[in-house]
Structure formats: C-alpha cells, structure tokens
Amino acid sequence: MDHENVGAAKRPTVSADGAIPEGLEVAYFAGGCFWGIEHTFQIAPGVVSAESGYQQGHKLNPTYQDVCYSETGHAETVRVLYDPSQITFSQLCQGFMLLHDPTQEDGQGPDIGTQYRSGIWTVSEEQLKTAQEVIKESQKLFPDPIVTQVQMADKFYIAEEYHQDYVEKTGMYCHGGNPWPKVLGEPSL
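In structure tokens, the structure reads:
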C-alpha cells in the first residue's frame, strides 16, 4: 500500500445502499476524534478504505454540529472496509485497543463528551464475540477497567467531506503511534 498517497485516489467503499464489495468485510470503531482513527486504519495492511462518520445515535442524518452540540447519541465512528484474507477482525480490534485509551469514559484526552466514547459496533454475532474476547485479553495491558462499548451496529452516517482524509489534507494528527507492526508481528514501519 502506498502510505504517502492514502486518501489521494478513490478507494472502494460501502455503497449508499449498504452493499459491501465482494470479498471484503466491514467493521466500525469509535475512539475519540475520528480523524486520527481513520488515518491509522487507512495505513493498516489489508484495509481497503476507512471513512469518518456518525453512528449509534437516534438522530437521522446528523451533521457534525448536531453531534457536537446537541444530544444525538451518536459517536464519531470510522467505517473500515477490509480484506479478511490480509487482516482479521480480531487484528483490527487489537490495533484499535492500542490506538486509543479504552479506559477513558466518554472521551479521549482533551476531547470530552459521549460523541468521543470508545466503541466497537459489530455487524454479526461472530464480530461481537470476537470484540468481547479482544477486550478481555486487552484488559491485561491496562491497570484501569476498559470501558469500550460493544454493540450491534446501527446505521452509519458518513461525515461531511472535510472530515474525510483530514490528517492527509491538514497534517494534523490526534492519536498515538502506529499499532500495526505490533499487532501483525512485523518490524516497525
């Protein structure tokens, strides 16, 4: 994967009607500001695309303003489209647990509010079980209890265009280092 051009070319994605391209699977992760989460998933081997959006709330067609300044229930979420022959859902979950602080309730660092909560929104019972297993195993890495929510995914609303590929567009970054070498057993990139 050409990491310098992440976001530069149009990548395959989930269609507006929810259809997933053949041979690919989808996963949803919420862990604070979606900009850094999106970027870090985009550089993961086997990830085809990552898109910022809103999920797990009650307001239809929410905007960024709605999610930040009213009670929509939505979390800033990243939709990850991946090739399961190259990276597993379990590995994505492991990377996610290393990417953010899963012990901080309703926020990440200075970003506070339920829209910044930690969550893995699953699309199947198998994903749900896997996410719970990864969280249980990850608890060994943290002195405080993990508060990451695991729920079946509600409708995903893609965020405004200016949020997509934000790190690539601006150079601004809001999360820690690259977890993929550790998760995948590779040398550091």
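Each residue of the sequence shown is one higher than the one before, counting from 127 in the numbering used here. Glycine residues also receive a C-beta, built at the ideal position from the N, C-alpha and C atoms.
Are the C-beta atoms of Ile-284 and some chain D residue less than 8 Å apart?
The question asks about chain D, but that chain is absent: this structure has only one protein chain.
Using three-state DSSP, classify Ser-211 as helix, strand or coil.
coil
Helix, strand or coil: which one does DSSP assign to Gly-239?
Looking at Gly-239 - three-state DSSP - the assignment turns out to be coil, as it is neither helix nor strand.
Taking Cβ to Cβ, would you say Gly-172 is nearer than 8 Å to Leu-225?
no
Shortest alpha-carbon distance to Gly-250 belongs to which of Gln-181, Gly-233, Val-276?
The sequence shown places Ser at residue 250, not Gly. Closest option to Ser-250, Cα to Cα, is Val-276.
Would you list the residues sitting across from Glu-151 in a DSSP beta bridge?
In the DSSP output, where bridge partners are listed per residue, Glu-151 has Tyr-208.
Using a Cβ-Cβ cut-off of 8 Å (strictly less than) and excluding sequence neighbours within five positions of Gly-199, which residues of its own chain qualify?
Gln-182, Gly-183, His-184, Lys-185, Thr-240
For Phe-222, count neighbouring C-beta atoms within 10 Å of its own C-beta (all shown protein chains included) and say buried if the count is 16 or more, exposed if not.
buried
Consult DSSP for Gly-158 and reduce its assignment to one of helix, strand or coil.
coil
Let me check understanding here. Comparing Cα to Cα, which of Tyr-154, Glu-148, Thr-166 lies closest to Leu-254?
Tyr-154
List the residues that DSSP assigns as beta-bridge partners of Glu-202.
The secondary-structure analysis by DSSP pairs Glu-202 across a beta bridge with Tyr-180.
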